[in-house]
Amino acid sequence: MIKFFEDKIDILAVMSEKKDGSMKLLGDDSDNENRNKFFKKNKIDKIKVISAGMIHGNKVVIVDNESPQIIPGADALVTKEKVFLAITIADCVPVYFYDEKNKIIGLAHAGWRGVTGDIMGNTLKRMLKLGAKVEEIKVVLGPGIRKCHFEIKEDILDNFKKYPQFIISKEDKIFIDLFGIIKKELLEAGVLARNIHDSKECTFENKEKFFSYRRDKPEVVEVMMAIVGLS
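See the structure below:
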């Protein structure tokens, strides 16, 4: 298990690892058992967990105590209530948002479609709508697939034409620095550079620690869970 914002007492921000088992939202009994164990380990009331349905898009939803436990079509959630926000990942980047002063949090599932569709900007806008201040927002980029392994085909290259500095051509292959794009989008939206923290971990690279869809190409997808909540 990986913890973020460990120096803060009023927030829990964690991510599971491979050793914690797969945690698909609508998985089989073993996934559900793994999720329940993870909740128990972190003293999380599962009734208060709200999960993004995730369609690799850019939709962001504000949630509260009355929200359903699954938000269909959402790839990011924000709240000012004492609920837990959850997503699952297996190469996409979990991005944690926290305005400590105004007690507002967010969590985004950042795949390439969402990132090029400005899911970072959309998440920040929803947080500001709740009363957050962009200069107060701290952001953590959790483990995801790094530029050394995120290879794409030419058929989707046009989606990245706004980001030429993050396209790497090497040995007739094309790679994308998704983390670089995410940081650029955050900075352009007004997040302060000193408030952006990168975990520096690669899901593809570290086979012992993380599931990776691109590396493993499994018949049955296995995923980690990212979760954040105010305490």
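Add 180 to a position in the sequence shown, counting from 1, and you land on the number used in my numbering. Backbone N, C-alpha and C fix where the C-beta goes; we use that ideal spot for every residue, glycine too.
Legend entry - Sufficient close CB pairs (3 or more, under 8 Å) joining the segment 197-207 to the segment 254-263: Touching, no.
Legend entry - Continuous alpha helix (DSSP H) stretch holding Gly207: start and end: Counted from its first residue, the sequence shown places residue 207 at position 27. For Gly207, there is no enclosing alpha helix (DSSP H), as DSSP gives it neither H nor E.
Inset, instruction - Measure the Cβ-Cβ separation of Phe391 and Ala270 and say whether it is below 7 Å. - result: Residue numbering aside, residue 391 sits at position 211 when the sequence shown is read from its first letter. Residue numbering aside, residue 270 sits at position 90 when the sequence shown is read from its first letter. With contacts defined as CB atoms closer than 7 Å, Phe391 and Ala270 qualify as a contacting pair.
Inset, instruction - Could you tell me which residues DSSP puts in a beta bridge with Lys380? - result: As a first step, residue 380 is located in the sequence shown; it is residue number 200 there, counting from the start. Note: Lys380 sits in no beta bridge, so no partner.
Inset, instruction - Compute the distance between the beta-carbons of Asp357 and Lys327, then report whether it is under 7 Å. - result: Counting from one through the sequence shown, the residue named residue 357 turns up at place 177. Counting from one through the sequence shown, the residue named residue 327 turns up at place 147. A Cβ-Cβ contact shorter than 7 Å links Asp357 with Lys327.
Inset, instruction - Could you tell me the distance, in whole angstroms, from the CA atom of Met307 to the CA atom of Trp292? - result: Counted from its first residue, the sequence shown places residue 307 at position 127. Counted from its first residue, the sequence shown places residue 292 at position 112. C-alpha separation (whole angstroms): 22 Å.
Inset, instruction - Could you pull out every unbroken alpha helix (DSSP H) segment of at least 4 residues lying fully inside the segment 338-383, listed in chain order? - result: Within the segment 338-383, the complete alpha helix (DSSP H) runs of at least 4 residues are 358-368.
Legend entry - Phe219 (DSSP reduced to helix, strand or coil): Counted from its first residue, the sequence shown places residue 219 at position 39. Correct three-state label for Phe219: helix.
Legend entry - Val295 - containing beta strand (DSSP E), residue span: Within the sequence shown, numbered from 1, the residue matching residue 295 stands at position 115. In this chain, Val295 is not harboured by any beta strand (DSSP E); it is covered by the alpha helix (DSSP H) spanning 292-296.
Legend entry - Local Cβ density within 10 Å of Ile189, reported as buried at 16 or more and exposed below that: Numbered from its first residue, the sequence shown carries residue 189 at position 9. Label assigned to Ile189: exposed.
Legend entry - For Lys353 and Lys333, the rounded distance between their alpha carbons: One-based indexing of the sequence shown puts residue 333 at position 153. One-based indexing of the sequence shown puts residue 353 at position 173. CA-to-CA, the gap between Lys333 and Lys353 works out to about 8 Å.
Legend entry - Start-to-end residues for the beta strand (DSSP E) that takes in Leu308: Position 128 of the sequence shown, counted from the first residue, corresponds to residue 308. Run containing Leu308: none in the beta strand (DSSP E); it sits in the alpha helix (DSSP H), 299-309.
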